[in-house]
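Here is the structure we will look at, set down as structure tokens.
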Amino acid sequence: MDELFPANAFSKDVPAKEKPAADAPRCVRVMPFDGGGRAYAYAVPAELAGRTALGSLVRIPLGSRTTLGLVWETDVAPDPAFAKKIRAISELLYDIPVLAPDAIKLCEWIAGYYAAPLNSVLLTMLPAAVRQGVRPVLERTVSLARELDADALAALKRRAKKQAELYEFLRERGAAPRGTLPFSAAVVNALLLSGVARESAVPVSRLAYADIGAGVPARRDVVLNAEQQAALDSISASLDAGKFRAHLLHGVTGSGKTEVYVGAIRKTLASGGSAIFLVPEVALTPQTVERLRSRLADCGTRIVVWHSNLSAGERFDAWMDMARGNARVLVGARSAIFAPLRDLRLIVVDEEHEPSFKQGETPFYHGRDVAVYRAHLLGAVCVLGSATPSLESFYNARVGKYVLNRILKRVDDRPFPPMRVIDMRREILHMQGQTTFSRPMLDAIAERLAGHEQCILFLNRRGYSRALICPDCGNVVECPHCSSALTFHREDNTLRCHLCDHTESAPSRCPACGSENVRKRGFGTQRAEEILAQRFPEARVVRLDADTMAKKNEFRSILERFRAGEIDVLLGTQMIAKGLDFPRVTLAGILDADLSLHVPDFRAAERTFQLLVQVAGRAGRGQLDGEVLVQTFTPSAPPIQFAKRAEFDEFLEDELERRREFHYPPERHLIRHVFRGTDRDRVEAAALAWTEFFEKNAPGLVEIRGPAPCPTEKILDNFRFHLWYFCARVPAVVGAISRLRAAFPRDADVIDLLDVDPADVN
Ligand code: ADP
Ligand code: ZN
Ligand code: ZN
Numbered sequence: 001m002d003e004l005f006p007a008n009a010f011s012k013d014v015p016a017k018e019k020p021a022a023d024a025p026r027c028v029r030v031m032p033f034d035g036g037g038r039a040y041a042y043a044v045p046a047e048l049a050g051r052t053a054l055g056s057l058v059r060i061p062l063g064s065r066t067t068l069g070l071v072w073e074t075d076v077a078p079d080p081a082f083a084k085k086i087r088a089i090s091e092l093l094y095d096i097p098v099l100a101p102d103a104i105k106l107c108e109w110i111a112g113y114y115a116a117p118l119n120s121v122l123l124t125m126l127p128a129a130v131r132q133g134v135r136p137v138l139e140r141t142v143s144l145a146r147e148l149d150a151d152a153l154a155a156l157k158r159r160a161k162k163q164a165e166l167y168e169f170l171r172e173r174g175a176a177p178r179g180t181l182p183f184s185a186a187v188v189n190a191l192l193l194s195g196v197a198r199e200s201a202v203p204v205s206r207l208a209y210a211d212i213g214a215g216v217p218a219r220r221d222v223v224l225n226a227e228q229q230a231a232l233d234s235i236s237a238s239l240d241a242g243k244f245r246a247h248l249l250h251g252v253t254g255s256g257k258t259e260v261y262v263g264a265i266r267k268t269l270a271s272g273g274s275a276i277f278l279v280p281e282v283a284l285t286p287q288t289v290e291r292l293r294s295r296l297a298d299c300g301t302r303i304v305v306w307h308s309n310l311s312a313g314e315r316f317d318a319w320m321d322m323a324r325g326n327a328r329v330l331v332g333a334r335s336a337i338f339a340p341l342r343d344l345r346l347i348v349v350d351e352e353h354e355p356s357f358k359q360g361e362t363p364f365y366h367g368r369d370v371a372v373y374r375a376h377l378l379g380a381v382c383v384l385g386s387a388t389p390s391l392e393s394f395y396n397a398r399v400g401k402y403v404l405n406r407i408l409k410r411v412d413d414r415p416f417p418p419m420r421v422i423d424m425r426r427e428i429l430h431m432q433g434q435t436t437f438s439r440p441m442l443d444a445i446a447e448r449l450a451g452h453e454q455c456i457l458f459l460n461r462r463g464y465s466r467a468l469i470c471p472d473c474g475n476v477v478e479c480p481h482c483s484s485a486l487t488f489h490r491e492d493n494t495l496r497c498h499l500c501d502h503t504e505s506a507p508s509r510c511p512a513c514g515s516e517n518v519r520k521r522g523f524g525t526q527r528a529e530e531i532l533a534q535r536f537p538e539a540r541v542v543r544l545d546a547d548t549m550a551k552k553n554e555f556r557s558i559l560e561r562f563r564a565g566e567i568d569v570l571l572g573t574q575m576i577a578k579g580l581d582f583p584r585v586t587l588a589g590i591l592d593a594d595l596s597l598h599v600p601d602f603r604a605a606e607r608t609f610q611l612l613v614q615v616a617g618r619a620g621r622g623q624l625d626g627e628v629l630v631q632t633f634t635p636s637a638p639p640i641q642f643a644k645r646a647e648f649d650e651f652l653e654d655e656l657e658r659r660r661e662f663h664y665p666p667e668r669h670l671i672r673h674v675f676r677g678t679d680r681d682r683v684e685a686a687a688l689a690w691t692e693f694f695e696k697n698a699p700g701l702v703e704i705r706g707p708a709p710c711p712t713e714k715i716l717d718n719f720r721f722h723l724w725y726f727c728a729r730v731p732a733v734v735g736a737i738s739r740l741r742a743a744f745p746r747d748a749d750v751i752d753l754l755d756v757d758p759a760d761v762n
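At position 733 of the sequence shown the residue is numbered 733 (the numbering used here), and the sequence of numbers has no breaks.
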């Protein structure tokens, strides 16, 4: 990841700074949100002079309209020839900058590294309500401005009885919110006007998840064990040094990494700094907030939450709270990395290996890598934590870019649950009528139910069965818009596309040959739920997947019920594979380990290994011993064997070797270039023409593979081709691609997109 630190990462054509002469108008450059990603010079009117800073939100005239933008550069010396013509900022919207001081460089770096338009990066960074300059909601409080002597009060009583009553009310109660006063607006206004009462307005702050962990008393201090303490000491030393440093905290599941993060956050707060805590899933934020609020309750700071499900008002308030310095700890998903915290000194990225940190649309940034780069810009400390580090981070630690801290023992020396691999090639012969649960899996579940212990069962496919497949002609019903098999959903007898949500009713005959033998092949979470209900009618089984998640707060309430012991078996997709900590879970079952293994993705082995280790980590976290069962048709596959033996380093070394052999990351970078459009031939022709054009104009710059059809060739009626650039350093290649793209005679009906360091190869 060395190109995360290029010396001239943001040396756009910014002119050398000259201090303006004392009498020259103060001048700044402003980046409008709706411009072409260029900043323009404006004069700062005298009345705004002391208040306009880097990152201030301002209204400016632009051409014949006015628009909003950010102060991008201060102390600009205008070209003397134009100094007279320069226009002035017309309004300053907030008294504080809405971006952190480092965010402008961060924005420019993201735009350059990920080949994204600067404006798209700004839209991602700043919440819409802030960008639009929304006025904060104010809470108006009325209080007395002065006391009246007896005569004056008597006079008021005669003249305006109601106002006198209001006066007495306020004298008795003290200040009161205006909305709660039992008097008419006319009465209140009259008393305000007379100067006897006054009104103050403070912005209200709607705190998301205010209910979580609020009243929880601080838990008595946990005593860290030796490994936890060593990790915390190492991170503390970096915080003390006050310089940029990245740590990789590799701590096995249940090793107490969160306590190490808490220790680092406490230290940061004690020194007057603030911290960002990134989690991979929106669904995990409440749980993390709860833990942090209870562990940091005595630090006297607000812990705010940030993720995509917040209301516009909640986002606005959280953002402004941070910008004002009122909140100093933020927990959030990917985009929380842009938060305007003051004195940001620590960034924690928990579960750093998770692909969800990568944004799947423009700008295709990786939250973890942006975290490291932001820490670098600020001279802050970044801690990447995981039980299953990504190959990228493992490699960076091996070559000495990151400090490696390890916790190899679970808290209190709890043993790792043994992992049993079930060979489905043999088991399938004994499974009548269903192909979801092997005998050992059913026996293990029965045992847990009898002992009043809990199970987590994992199946990375929602719905009822994979596809509708005809045994007579082999036809699979596919989505008419995407080259992807439709999934059968039993509850409404439909076939659905999980890419575009196309829905149609399920046919009873094969649409190709008319056979009535069409059968539902494979299985999904719904089918698994149904089998469990048949086998264990007394068991309380709950399914947790994207379908049940459609309801707001459903995830939270299910987890609460599971924690309270009101659910015996939790059955779900990848959502339940990570982070959850339930002491009474003694069985973790993986129903199909092959689902992630046999896919056309160079990270398939890594993902499978991570999945197995993470799911295994859900079992045996309390005083009870746990067990892990894995069903697979390929029991000897390396990630399965390494996971079974809990050989983390061995897996990482083995995988690193395999990646090296095929020139895949982490030692080299990949850039994916996708072409799409509705006419397959023209998409293919455009991809080929571009490849030829690029190789001719930038010969030998980079190794190219492709173009080839994407694994999912069609999505939403768009045909897709891609090519891959394999390179040692990204910026040079992205720069060349961007320059040549501007000169390439393009087909207007074919869109192309660049994805730097892609997480998804479909
Ligand atoms: P990880 O995130 O590494 O999987 P957690 O941070 O969730 O592990 O910790 C697992 C459990 O162990 C939590 O319930 C936590 O409160 C507890 N724990 C962590 N550190 C200690 C400690 N030093 N002593 C006792 N319990 C601890
Ligand atoms: Zn579709
Ligand atoms: Zn058929």
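Backbone N, C-alpha and C fix where the C-beta goes; we use that ideal spot for every residue, glycine too.
Task: Separation of residue 72 from residue 339, as counted between CA atoms - done: Position 339 of the sequence shown, counted from the start, is the residue given in the question as residue 339. Position 72 of the sequence shown, counted from the start, is the residue given in the question as residue 72. When only Cα atoms are considered, residue 339 and residue 72 end up about 17 Å apart.
TODO: Return yes when at least one heavy atom of ligand 1 lies under 6 Å from the C-beta of residue 257, else no.
DONE: Locating residue 257 in the sequence shown gives position 257, counting from the first residue. Residue 257 Cβ: within cutoff of ligand 1.
- [ ] Determine the DSSP secondary structure at residue 700, reduced to helix, strand or coil.
- [x] Residue numbering aside, residue 700 sits at position 700 when the sequence shown is read from its first letter. Reduced to three states, the DSSP call for residue 700 is coil.
Open item on the list: I need the straight-line Cα distance from residue 746 to residue 682, nearest angstrom please.
Closed with: As a position in the sequence shown, residue 746 is number 746, starting the count at 1. As a position in the sequence shown, residue 682 is number 682, starting the count at 1. Each residue's CA atom was taken as its position, placing residue 746 and residue 682 some 11 Å apart.
Task: Beta carbon of residue 361 nearer than 7 Å to that of residue 280 - done: Reading the sequence shown from its first residue, position 361 is the one you call residue 361. Reading the sequence shown from its first residue, position 280 is the one you call residue 280. Not closer than 7 Å, so no.
TODO: Please go through the same chain and pick out, in chain order, the residues whose beta-carbon is closer than 6 Å to the beta-carbon of residue 752, but skip the five residues on each side of it.
DONE: Sequence index remark: in the sequence shown, residue 752 carries index 752 (1-based). Within the same chain, residue 752 has close Cβ partners 675.
Task: For residue 124, the three-state DSSP class (helix, strand or coil) - done: The residue given as residue 124 occupies position 124 in the sequence shown. The DSSP-derived three-state label of residue 124 is helix.
Open item on the list: With DSSP as the reference, identify every bridge partner of residue 443, one or two as the case may be.
Closed with: By 1-based counting over the sequence shown, the position of residue 443 is 443. For residue 443, which the question treats as bridged, DSSP gives no partner whatsoever.
Task: Counted within 10 angstroms of its Cβ, other Cβ atoms place residue 430 as buried (16 or more) or exposed - done: Stepping through the sequence shown from its first residue, residue 430 is reached at position 430. By the 16-neighbour rule on beta-carbons within 10 angstroms, residue 430 is exposed.
Open item on the list: Let's see if you can read the secondary structure: which residues bound the alpha helix (DSSP H) around residue 640?
Closed with: Taking the first residue of the sequence shown as position 1, residue 640 is located at position 640. Counting along the chain, the unbroken alpha helix (DSSP H) around residue 640 starts and ends at 638-644.
- [ ] Note down, in chain order, each residue of its chain lying with its Cβ closer than 7 Å to the Cβ of residue 505, except the 5 sequence neighbours on either side.
- [x] The count along the sequence shown starts at 1 and reaches residue 505 at position 505. Non-local C-beta neighbours of residue 505 in its own chain, meaning closer than 7 Å and more than five positions away in sequence, comprise 493, 494, ordered along the chain.
Task: Exposed unless 16 or more other CB atoms sit within 10 angstroms - verdict on residue 636 - done: In the sequence shown, the residue the question calls residue 636 occupies position 636. Classification of residue 636: exposed, given that the 10 Å Cβ count is below 16.
Open item on the list: Using a Cβ-Cβ cutoff of less than 7 Å, which residues in the same chain neighbour residue 200 once the five nearest sequence positions on both sides are dropped?
Closed with: On the sequence shown, position 200 is the one that residue 200 refers to. Exclusion of the five residues before and after residue 200 leaves 141 as the residues of its chain whose Cβ lies within less than 7 Å of its Cβ.
Task: Given residue 435 as reference, the closest of 47, 231, 528 once Cα atoms are compared - done: To locate residue 435, count along the sequence shown from 1; it is residue 435. Among 47, 231, 528, the Cα nearest to that of residue 435 is on 528.
- [ ] Taking 7 Å as the cut-off, decide whether the C-beta atoms of residue 118 and residue 37 are in contact.
- [x] Looking up residue 118 in the sequence shown gives position 118. Looking up residue 37 in the sequence shown gives position 37. Taking a C-beta distance under 7 Å as the contact criterion, residue 118 and residue 37 qualify as a contact pair.
Task: Through-space distance from residue 387 to residue 763, alpha-carbon basis - done: The chain is shown only over 1 to 762; residue 763 falls outside these bounds and no answer can be derived.
TODO: Assign residue 464 to buried or exposed, taking buried as 16 or more other Cβ atoms, counted over all protein chains shown, within 10 Å of its Cβ.
DONE: Numbered from its first residue, the sequence shown carries residue 464 at position 464. The predicted position of residue 464 is uncertain, since its pLDDT is 45 and thus under 50; no value can be drawn from it.
Task: 8 Å CB neighbourhood of residue 255 in its chain, flanking five on each side removed - done: Your numbering for residue 255 matches position 255 in the sequence shown. Contacts found: 227, 228, 387, 407, 408, 409, 410, 411.
Task: Reduced DSSP category for residue 77 - H, G, I as helix; E, B as strand; rest coil - done: By one-based count along the sequence shown, residue 77 stands at place 77. Residue state for residue 77 is assigned as coil, using DSSP reduced to three classes.
- [ ] Answer yes or no: do residue 304 and residue 270 have a C-beta to C-beta separation smaller than 7 Å?
- [x] If you number the sequence shown from 1, residue 304 lands on position 304. If you number the sequence shown from 1, residue 270 lands on position 270. No, these two residues do not count as a Cβ contact at 7 Å.
Task: Whether residue 754 touches residue 673 by CB criterion (7 Å) - done: As a position in the sequence shown, residue 754 is number 754, starting the count at 1. As a position in the sequence shown, residue 673 is number 673, starting the count at 1. Their beta carbons are under 7 Å apart, which means residue 754 touches residue 673 by this criterion.
Open item on the list: I want to know whether the segment 85-103 touches the segment 124-131 - three or more CB-CB distances under 8 Å.
Closed with: Yes, the segment 85-103 touches the segment 124-131.
Task: Integer-rounded CB distance, given that residue 121 should sit under 8 Å from residue 104 - done: Within the sequence shown, the letter at position 104 stands for residue 104. Within the sequence shown, the letter at position 121 stands for residue 121. Taking 8 Å as the upper bound for CB-CB distance, residue 104 and residue 121 are not in contact here, some 11 Å apart.
Open item on the list: Threshold first: 3 residues or longer. Then list the beta strand (DSSP E) segments lying entirely within the segment 352-434, N to C.
Closed with: Qualifying beta strand (DSSP E) stretches, in chain order: 381-386, 403-407, 419-423.
Task: Spatial distance of residue 126 from residue 375 (CA atoms) - done: Residue mapping note: residue 126 aligns to position 126 of the sequence shown, counting from 1. Residue mapping note: residue 375 aligns to position 375 of the sequence shown, counting from 1. Near 19 Å, if we compare the C-alpha coordinates of residue 375 and residue 126.
- [ ] Can you tell me which of 703, 627, 630 puts its alpha carbon nearest to the alpha carbon of residue 663?
- [x] The residue given as residue 663 occupies position 663 in the sequence shown. Proximity to residue 663 across 703, 627, 630 peaks at 703, based on C-alpha coordinates.
Task: residue 187 versus residue 163: straight-line alpha-carbon distance, rounded - done: Within the sequence shown, residue 187 is the residue found at index 187, counting from 1. Within the sequence shown, residue 163 is the residue found at index 163, counting from 1. Going from the Cα of residue 187 to the Cα of residue 163 covers about 6 Å.
Open item on the list: Check for me: the alpha helix (DSSP H) holding residue 609 runs from which residue to which?
Closed with: Here residue 609 refers to the residue found at position 609 of the sequence shown. Segment 604-616, the alpha helix (DSSP H) holding residue 609.
Task: Whole-angstrom distance between residue 313 and residue 275, CA atom to CA atom - done: For the purposes of this step, residue 275 is identified with residue 275 of the sequence shown, where counting begins at 1. For the purposes of this step, residue 313 is identified with residue 313 of the sequence shown, where counting begins at 1. Going from the Cα of residue 275 to the Cα of residue 313 covers about 22 Å.
- [ ] Report the option in 680, 54, 653 whose CA atom is closest to the CA atom of residue 667.
- [x] Position 667 of the sequence shown, counted from the first residue, corresponds to residue 667. Out of 680, 54, 653, 653 has the C-alpha closest to the C-alpha of residue 667.
TODO: For residue 481, I'd like the list of residues in its chain whose CB is within less than 6 Å of its CB, leaving aside the five on either flank, ordered along the chain.
DONE: The residue given as residue 481 occupies position 481 in the sequence shown. Only 500, 502, 716, 717 meet the Cβ criterion.
TODO: Consider the C-beta atom of residue 581 and the heavy atoms of ligand 1; say whether any pair is separated by less than 6 Å.
DONE: Position 581 of the sequence shown, counted from the first residue, corresponds to residue 581. Residue 581: yes, Cβ under 6 Å from ligand 1.
TODO: Check whether the Cβ of residue 253 lies closer than 6 Å to any heavy atom of ligand 1, and answer yes or no.
DONE: Stepping through the sequence shown from its first residue, residue 253 is reached at position 253. True, at least one ligand heavy atom lies under 6 Å from that Cβ.
Task: alpha helix (DSSP H) segment containing residue 652, residue limits - done: If you number the sequence shown from 1, residue 652 lands on position 652. Judged by DSSP secondary structure, residue 652 falls within the alpha helix (DSSP H) whose first and last residues are 648-661.
Open item on the list: Cutting at 7 Å between CB atoms, please list the residues of its own chain near residue 539, excluding the five before and the five after it.
Closed with: Start at 1 with the first residue of the sequence shown, and residue 539 comes out as number 539. Excluding the 5 residues flanking it on each side, residue 539 has same chain C-beta neighbours closer than 7 Å at 449, 532, 568, 569, in chain order.
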